[in-house]
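> If you read the protein sequences in the order shown, they are chains A and B.
Number 89 in my numbering belongs to position 89 of the first sequence; there are no gaps in the numbering.
Number 1081 in my numbering belongs to position 81 of the second sequence; there are no gaps in the numbering.
From the three backbone atoms N, C-alpha and C, an ideal C-beta is built for every residue, glycine too.
There are 2 protein chains.
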Amino acid sequence: MEIDIEERKKVAAFANALSNPVRVEILYFLANRKDCYFGDIKKDLPLCKATVSQHLKELKKVGLIQGEIEGPKTKYCINIAKWNEARQLFDDFFSGYTGGCSCNCRKGK
Amino acid sequence: MEIDIEERKKVAAFANALSNPVRVEILYFLANRKDCYFGDIKKDLPLCKATVSQHLKELKKVGLIQGEIEGPKTKYCINIAKWNEARQLFDDFFSGYTGGCSCNCRKGK
DNA sequence: CATATTGTTTGCATTATTACGAACAATATG
DNA sequence: CATATTGTTCGTAATAATGCAAACAATATG
Chain A
1 MEIDIEERKK VAAFANALSN PVRVEILYFL ANRKDCYFGD IKKDLPLCKA
51 TVSQHLKELK KVGLIQGEIE GPKTKYCINI AKWNEARQLF DDFFSGYTGG
101 CSCNCRKGK
Chain B
1001 MEIDIEERKK VAAFANALSN PVRVEILYFL ANRKDCYFGD IKKDLPLCKA
1051 TVSQHLKELK KVGLIQGEIE GPKTKYCINI AKWNEARQLF DDFFSGYTGG
1101 CSCNCRKGK
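(1) List the residues of chain B whose Cβ lies closer than 9 Å to the Cβ of residue 59 of chain A, in chain order.
(2) So, residue 69 of chain A versus residue 79 of chain A, is the Cβ gap smaller than 7 Å?
(3) With distances taken Cα to Cα, identify the nearest neighbour of residue 19 of chain A among A/32, A/31, A/59, A/67.
(4) Under 7 Å, Cβ to Cβ, is there at least one residue of chain A near residue 1072 of chain B?
(5) Which residue from B/1005, B/1077, B/1051 puts its Cα closest to that of residue 1033 of chain B?
(6) For my contact list, residue 1087 of chain B and residue 24 of chain A are in at a C-beta cut-off of 8 Å; report their separation, rounded to the angstrom.
(7) So if I threshold CB-CB distances at 9 Å, which residues from the stretch 1017-1031 of chain B count as touching chain A?
(8) State the start and end residues of the unbroken alpha helix (DSSP H) segment that holds residue 131 of chain A.
(9) Under the DSSP definition of a beta bridge, which residues are partnered with residue 73 of chain A?
(10) First and last residue of the alpha helix (DSSP H) that includes residue 1052 of chain B?
(11) Please name the residue in A/16, A/4, A/28 whose C-alpha comes closest to that of residue 1002 of chain B.
(12) Between the alpha carbons of residue 91 of chain A and residue 48 of chain A, how many angstroms are there, rounded?
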């Protein structure tokens, strides 16, 4: 699929969310858990709660996760619609290579 | 495919390279061009040459592109091996969602 | 109702990113 | 050889990102 300028900006925005190892860990954690409270996420990371909260906020901002208050706790999870949107965008972006460059690069795999 | 901690760090590193709209544009440009000199790339962007050079340097650092000096000019192109590696990594990462979260999120698409 | 538990928000400090102009290097050209 | 062309590197300024501790807020519990 072709990718336009707006979509390329979205690629950059999603990539920005994924550009920090902590946030990648959080997403990986959420993608493989049934229950995902803030405390569980925090326990998994060597960071203070404020920092964890901040990373979660950023992931929420791009929509990759969503939080749900449950009593005094907060339950987080992947927003599957956005997750799939990001997945598709990256796939489209990387599919866009037409291999036309005439540099003397190593070709093929 | 399963993805381990080292691969997740690579996801973050590649994502970091893609986290800037200018760099995404550069990659898109290179992925769709036969000849790709520095001057062509610069012409495509509203930035001074120093800044463009800096972004190219960063993309080279993660290996997504490579430069080749040709007389007084420099020819840049996608490093297809790294390109495919990144593509695979993102695909593996996004494939890792097991959908187990019990939040009251909208399910499905 | 006082206190504990769970997270978020605020206020910093530190470091990284982005951009620019100027200086520099290397090749080409008159 | 002097000068133009093409990029890179350096120095610097402005802004963004990261992390922590402390202050807050909201719910739960004795």
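Walking through what the data contain:
(1) The premise fails here: residue 59 of chain A is roughly 13 Å from chain B at the closest Cβ pair, so nothing lies under 9 Å.
(2) no
(3) A/59
(4) no
(5) B/1077
(6) So it is not a contact: roughly 16 Å between Cβ atoms.
(7) 1017, 1018, 1019, 1020, 1021, 1022, 1023, 1024, 1025, 1027, 1028, 1030, 1031
(8) It is not possible to answer for residue 131 of chain A, since the shown part of chain A is limited to 1 through 109.
(9) A/70
(10) 1049-1061
(11) A/28
(12) 34 Å
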